[in-house]
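Here the structure comes first, spelled out in structure tokens, and everything after it is commentary.
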Amino acid sequence: MNFFERQAAARRASTWLVVLFVLAVLGIVGAVDAAVWLLTADPAGVAFATIGTLAVIALGSLYRIASLRAGGETVALELGGVAVPEDTREFHLRRLRNVVEEIAIASGVPVPRIFVLEHEAGINAFAAGYAPTDAVIAVTRGALDRLNRDELQGVIAHEFSHILNGDMRLNIRLIGVLFGILVLALIGRKILEHGRFGGGRNNKGAGAILLAALVAMVVGYVGLFFGRLIKAGVSRSRERLADASAVQFTRQTSGLVGALKKIGGLQAGSRLGDRGRTEEVSHMLFGDGLGLRGLFATHPPLHERIRALEPGFDPRELAALAAAWGTQPPDGLAEDAQLGLVGPLPPPLPPATGTIAVDAQRIAAHAAQPDGADYRHADALIAGMPDDLRAAAARDDSVVALLLALLADTDATLGERQRTQVAAHLGEATATEVRALAPAVAALHPALRLPLAALAFPVLRRRPRPELDAFLATVDAMIHADGEVSLFEYCLGALLGAQVRAYLDPAEHARIGRRKPGDVRREFATLLAVLAQAGSRDEAQARRAYLAGLARVLPQGHIDYAPPADGVRALDAVWEPLDRLDPLAKQVLVEALVDTIAHDGRVTVAEAELLRTVCGVLGCPLPPLLADGA
């Protein structure tokens with residue numbers, strides 16, 4: 005199952021979640037109505053109870069969904085997460101950040117913001133958010149202290165699979181809708197507390213209060229039953245898929261197996277301290293945070309997860325590990341030193357003039373499905389970045405100028421015009437810094453531009469909203485400073501704009517589309533025509549490139565080739581409609597883009613990076629493509 009198929013499956017799971025939610029609501033309403041009927045035998049009272057119960061559930065769900073609209077960062081902060089600085093010097097945190105950055109670049113997604121649950125001794129982690137643009141990765145302090153680098157990599161790869169498989173969106177919505185089901189349990193508990201301690205037992209209304217509390221608590225447990233059942237049903241299969249994806253990515257099972265064994269062998273296991281908070285997020289965690297079993301278990305049994313990766317595993321091994329670690333738990337950093345996990349030297353970057361092996365279906369299937377070669381390639385990309393540019397990407401005071409420098413044109417006249425726009429929008433100091441950074445950015449290997457932007461984006465999104473709005477206005481001004489702006493510069497600007505807008509309103513921009521290719525025929529034609537025109541020597545070659553892509557995406561619906569009169573600016577009108585495509589339609593679109601770019605039988609590194617930029621704008625994360633022989 006590839007990225008697009010998993011996105012479609014996630015949408016089907018969301019539909020199934022709605023069905024389960026409706027059934028749970030009906031069960032709760034039925035319980036309330038039965039209690040009211042037994043107490044009053046009054047049809048009007050039953051009708052009032054039905055309306056009131058539905059209102060409480062609906063308002064509870066809407067309230068929780070609204071509170072989570074800001075995305076994954078809200079969840080991390082509610083659990084006590086502490087953000088990991090980009091320039092941290094603590095070795096545990098530096099190791100964590102290095103692993104996250106490598107996997108993000110290998111996956112073709114922005115580097116997520118990283119949090120640590122400092123007061124949690126258990127080994128656990130989670131990914132949260134609506135989309136890769138607002139994702140966060142959080143790990144417990146226990147995971148940092150007890151896991152070696154291979155094990156930490158396995159856990160982080162597992163969480164990245166949730167980001168890429170569409171699980172995060174499903175999980176965060178699950179928190180919202182289930183809160184409405186569980187809110188009656190909270191109300192019942194508060195009523196019971198008031199009945200016990202408020203106003204004295206001899207008050208006239210004490211009996212009614214206690215009776216209402218009892219009914220609310222019973223109904224609350226009905227809600228808790230359904231809530232746990234829904235979470236467990238949705239979560240278990242996604243956890244098995246995430247384990248398998250993590251192994252596919254890292255190309256080794258020892259890291260993930262080692263982490264799971266340490267969960268089973270350590271007293272703290274994977275449990276979190278705040279049971280109330282853990283109840284809400286239990287379906288999002290790497291390991292079981294509550295200790296529920298059977299139908300209510302959000303994760304497959306630990307020994308089953310290990311045996312799926314290591315068929316000869318004997319569960320008695322966990323008891324032996326527990327006995328060995330009883331007095332001296334493992335130290336992850338010490339294990340790194342003993343195992344020599346300093347990492348192999350990364351391979352050299354491919355030549356900037358190299359070519360990519362051409363196979364449209366293979367490249368499309370590679371979307372959000374990186375493997376071990378991609379991980380090693382990410383090491384090479386990070387190692388190839390100049391230290392001063394990496395430092396600029398990690399600093400609040402330079403990240404805006406760095407990203408704008410990626411858009412700066414190499415033509416001196418146009419570049420100066422762009423810097424004038426920067427000064428008008430953001431001030432002379434930023435324009436001066438853009439001018440200083442532009443030569444180093446222009447000298448970057450083509451394959452390093454998007455990874456550098458991925459490293460910078462988590463720092464950028466910490467800026468206040470007015471500054472982000474000003475940044476978007478500046479990006480737009482730089483793109484349109486002159487009609488000669490290149491397609492890559494335009495698409496990179498569109499990618500930056502799309503990421504910022506998705507971060508500012510993650511819930512709105514994380515919707516999975518439903519449009520079919522036939523609904524956006526004109527937009528397909530415009531995008532393919534612009535790409536064909538940009539990558540061809542003459543109109544005849546451009547026409548052949550355009551028709552190659554069109555035949556893939558609209559085999560029965562021919563549209564004559566016509567270079568857009570506005571050139572690259574014609575793309576302004578295509579992004580939103582194409583972003584609302586059904587996931588499987590997006591797969592066909594990616595294949596069509598590859599066919600258009602590769603009409604001459606080859607794809608250069610620069611063309612591959614353009615393809616990845618377009619895919620990024622359309623929400624199809626594509627790992628860095630490997631050049632022939634790389």
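Using the working numbering, you'd call the opening residue of the sequence shown number 5 and step up by one each time.
Glycine included, every Cβ here is placed at the ideal spot set by N, Cα and C.
In this text, all values refer to a predicted model and were calculated from it rather than measured experimentally.
Count the other CB atoms, across all protein chains shown, that sit within 10 Å of the CB of F230; report buried if there are 16 or more and exposed otherwise.
buried
Check the DSSP bridge columns for R519 and list the partner residues they point to.
L585
Separation of A142 from V36, as counted between CA atoms
39 Å
Which of helix, strand or coil DSSP assigns to P348:
Only weak support is given to the placement of P348: the predicted model assigns it a pLDDT of 47, under 50, and the question is left unresolved by the model.
Just list the residues that DSSP pairs T144 with in beta bridges.
L121
Can you tell me whether DSSP reads G202 as helix, strand or coil?
Reliability fails at G202, whose pLDDT of 47 lies under 50, so the model's placement of it is uncertain and the value that follows must be treated cautiously. Three-state DSSP puts G202 in coil, outside helix and strand.
Based on the DSSP output, what are the partners of F130 in its beta bridges?
A142, L289
Let's test the definition: count the other Cβ atoms within 10 Å of the Cβ of V26 and tell me whether it reaches 16, buried, or not, exposed.
exposed
Taking the alpha-carbon positions, what's the P587 to G623 distance?
10 Å
Per DSSP, V86 forms a beta bridge with which residues?
V120
With a threshold of 7 Å on Cβ separation, who are the neighbours of L304 within its own chain once the five nearest residues in sequence on each side are excluded?
Reading the sequence as shown, one finds Pro at residue 304 and not Leu. R240, E243, R244, listed in sequence order.
Other residues of its chain near A3: CB distance less than 6 Å, five sequence neighbours each side excluded:
Outside the shown range of the chain (5 to 634) lies residue 3, about which nothing can therefore be said.
Cβ pair V404, L464 closer than 8 Å:
yes
Span separating the alpha-carbon of A312 from that of D247:
9 Å
N- and C-terminal bounds of the alpha helix (DSSP H) containing R469:
469-483
State buried or exposed for L299, treating a residue as buried only when at least 16 other CB atoms are found within 10 Å of its CB.
exposed
Is there contact here, the region 284-296 with the region 127-134, by at least three beta-carbon pairs under 8 Å?
yes
Measure from the alpha carbon of Q3 to the alpha carbon of each residue in L448, N152, L306, then state which is nearest.
Lying outside 5 to 634, the shown extent of the chain, residue 3 is not represented and no answer is given.
With a CB to CB cut of under 8 Å and the five nearest residues on each side skipped, what residues in its chain are close to C619?
G112, A371, V594, L597, P625, L626
With distances taken from CA atoms, which of D278, H307, V285, V219 is nearest V261?
H307
In chain order, what residues of the same chain have a beta carbon less than 7 Å from the beta carbon of L264, not counting five sequence neighbours either side?
L306, R309, I310
Quick check: L531 and A460, are their CB atoms within less than 8 Å of each other?
no
Contact between the region 437-454 and the region 406-415: three or more CB pairs below 8 Å?
yes
Would you say L148 and L100 are within 8 Å of each other, going by their C-beta atoms?
yes
Spatial neighbours of I191 within its chain, please: C-beta separation below 8 Å, excluding the five flanking residues on both sides.
V60, A220, G224
Report the option in G84, A70, E106, V120 whose CA atom is closest to the CA atom of E94.
V120
Where do the ends of the alpha helix (DSSP H) carrying P47 lie?
47-71
Considering only their Cβ atoms, is the gap separating L186 from L228 smaller than 8 Å?
yes
Tell me which same chain residues have a C-beta within less than 7 Å of the C-beta of A474, skipping the five on either side of it?
H429, L430
Buried or exposed: H562, going by 16 or more other Cβ atoms within 10 Å of its Cβ?
exposed
Let's see if you can read the secondary structure: which residues bound the alpha helix (DSSP H) around L499?
491-508
Once DSSP output is grouped into helix, strand and coil, what is the label at G336?
helix
Under the three-state reduction of DSSP, which class applies to T600: helix, strand or coil?
helix
Per-residue DSSP class, three states only, for L448:
coil
Hey, how far is the Cα of L276 from the Cα of E124?
6 Å
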